[in-house]
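Residues 10 to 155 (the working numbering) are what the sequence shown spells out, left to right.
For each residue, glycine too, the CB sits at the ideal point set by N, CA and C.
Below: one structure, written as structure tokens.
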Amino acid sequence: MSRLVFILNGPNLNLLGKRQPEIYGRETLEDVERACSEIGTASGVEARLLQSNHEGQIVDWIHQAREEAQGIIINPAALSHTSIAVLDALNTFEGPVIEVHISQIHKREAFRHHSFVSHRADAVMAGFGVHGYALAMQHMVRLVKG
Ligand code: CA2
């Protein structure tokens, strides 16, 4: 049976690979989507990457995932540190959730050390650069394939 994983990305991540390469690297979200799709395809798992700068859109996609997806990989970006709405939405999702941060948030400013999303996430990646998405996808494939 084919499986679907949503890879959700929060505010400003559309600039990935285009600004601040010293923190976030030179790869773009298109590169992330390609890498995750390649990992999933071999096992019949589709990766659908989405990005929005708007909290409500992220909440709506999580609701959509309840109907369509077996797993969620999410980099909530700054919403990690602020959004109880995103946490509440994730708490309604029954499948596995993996939180990804490109940077090692615990090495950065104190306000990045706490993530509301981590209260729900089954696994958390931080500091692996953009490769963290691919690592998360490898693990997610194992989870959704049962
Ligand atoms: O390390 C991460 O992945 C973050 O989720 C990225 C967020 C930040 O607020 C979190 O604390 C950690 C920021 C995303 C902004 O993305 C940009 C990418 C390239 C250039 C500028 C911003």
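In the same chain as V106, and ignoring 5 residues on each side of it, the C-beta atoms closer than 7 Å to its own belong to I81, I83, L99, R129, A130 and D131, in chain order. Within the model, the alpha-carbon separation for E77 versus R12 is close to 9 Å.
For Q29, the CB falls within less than 7 Å of some heavy atom of ligand 1. C-alpha of E64 to C-alpha of Q79: approximately 22 Å in a straight line.
Of all alpha-carbon atoms in G141, G49, T37 and V68, the one lying nearest the alpha-carbon of V153 is that of G49.
With a cutoff of 7 Å, R129 does not count as near ligand 1, since its C-beta is closer than that to no heavy atom of the ligand.
H140 has its Cβ no nearer than 7 Å to any heavy atom of ligand 1.
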